[in-house]
Amino acid sequence: MASLSDLPLRDSLRGKSPYGAPQINVRYALNVNENTHPIPEPVAHDIVTSLARAILSVNRYPDREFTELRERLAGYVGHGLTAENIWAANGSNEILQQLLLAFGGPGRKVLGFPPSYSMHSIIAEITDTQWVMGERDAGYEISPQTVVESIRRTQPDVVFLCSPNNPTGTHLSLETIAAAYDACDGIVVVDEAYAEFAPDGAPSALDLLEGRERLVVSRTMSKAFAFAGARVGYLAADPVIADALRLVRLPYHLSALTQAAAVAALEHTPEMLAMVDDIRTQRDRLVVELAALGYTPLPSASNFVLFGGVDDPKGLFEALLERDILIRDVGIPHHLRVTAGTEAETSAFLAALADLTTR
Ligand code: PMP
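No gaps in the numbering here: position 212 of the sequence shown is 212 in UniProt numbering, and each next residue is one more.
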């Protein structure tokens, strides 16, 4: 069998590992921050009707500008934004990749703030953008001063912020985002994949878009919208950002089926988001009960909780897996991350953990 080293791989990819969250068939999959509630059946039927209509013209290329989807997404995000402010792709991963294809690349730097979403640095590698790291304050916070110091030190072309941050759940203040914007001439991307799980009234970087043409807010239908399998991510920004991404996107990158499914789902926004409150309740319950078990959960504005105080993360991960419960070892010493599931899933996780903890 040939190995990768036998191939004339690009030098910058040599020795790298692919994204690798385990995909294991388990009863309780609480490892990749999905919405574990299936979409409501009446909504699913409506989506199928739309797909059935779309498939009849699948002999033609889809609308390259996915105009209807952008209109719907603009209506969903509000903030006075219109279709011109929106761009979409196959998951927010592809949004981030298109951003680095357009604004990163050889000779350019992207600044990230680990611990954060692991794909940020992998997308930097894929696009040959140098990955440079900033500092966080205590409790994984990033103050305006800290963000500015990191930007001054590293002089990035692109800054990746993530709020609420994966895997810590930390929410960034608008002061920090605005300070990052003012401190550089590059593109500032705020990855808000988990925005809908933040407390009601929590600020979003969308509030800062007006007059800031280098600011990009990345969002997804994968999490709150329970649409991870459909692969729909999007961004909100000045229309000129979409002009830049048109230079790097592949023609017709969003299939007619993806567009039809997403438009139909957005027509049912209230039903699709109905589970967000339940998930927040389970998240808050995780924080309380993990603490009661002697762990140190971080406060979370997202649909997952990172908890410390784990003597042997690998051992605990394996012991839970033996009980059909899959959570995530994100590589932070003495910590594990768990997704807030349904009430039953969260109960199963907490019961297994309580059992393993008192052993
Ligand atoms: N951003 C963050 C912070 C994430 O955690 C994830 C998925 N885990 C993504 C982006 C990508 O999600 P998707 O491509 O499904 O939109």
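All residues carry an ideal CB built from backbone N, CA and C; glycine is no exception.
Arg219 is bridged by DSSP to Tyr234. With contacts defined by Cβ atoms closer than 7 Å, Asn31 and Asn303 do not form a contacting pair. DSSP places Lys16 in no alpha helix (DSSP H); its state is neither H nor E. Under DSSP, the beta-bridge partners assigned to Phe160 are Val189. With a 10 Å radius around the Cβ and a threshold of 16 neighbouring Cβ atoms, Tyr194 comes out buried. The Cβ atoms of Val248 and Val216 lie no closer than 7 Å to each other. No heavy atom of ligand 1 is found nearer than 6 Å to the CB of Ala198. Contact annotation: Ala244 and Ala102 have beta-carbon atoms nearer than 7 Å. Between Leu356 and Leu326 the beta-carbon gap is near 15 Å, outside 8 Å, which marks them as no contact. When C-beta atoms of the segment 134 to 147 are compared with those of the segment 72 to 88, fewer than three pairs fall below 8 Å, so the two segments do not count as touching. Gln23 sits exposed, since fewer than 16 C-beta atoms from the chains shown fall within 10 Å of its C-beta.
Secondary structure at Pro38: coil, using DSSP grouped into helix, strand and coil. DSSP lists Thr339 as the beta-bridge partner residues of Phe304.
The three-state reading of DSSP puts Pro270 in helix, counting H, G and I together. Here Ala2 carries a coil assignment [DSSP, helix/strand/coil].
Pairing Pro144 with Lys109 gives a Cβ-Cβ distance that is not under 7 Å. Ranking Val287, Ala319, Leu320, Lys314 by CA distance to the CA of Val305 puts Val287 first. Assignment of beta-bridge partners to Gly211 by DSSP yields no partner. Listed in chain order, the non-local C-beta contacts of Thr269 below 7 Å within the same chain comprise Tyr76, local neighbours out to five positions each way being set aside. Per DSSP, the beta-bridge partners of Arg328 are Arg337. Taken from the Cβ of Thr339, every heavy atom of ligand 1 lies 6 Å or farther away. Straight through space, the alpha carbons of Glu210 and Ala124 are spaced by roughly 27 Å. When C-alpha distances from Val147 are compared across His120, Pro114, Pro38, Gln130, the shortest belongs to Pro114.
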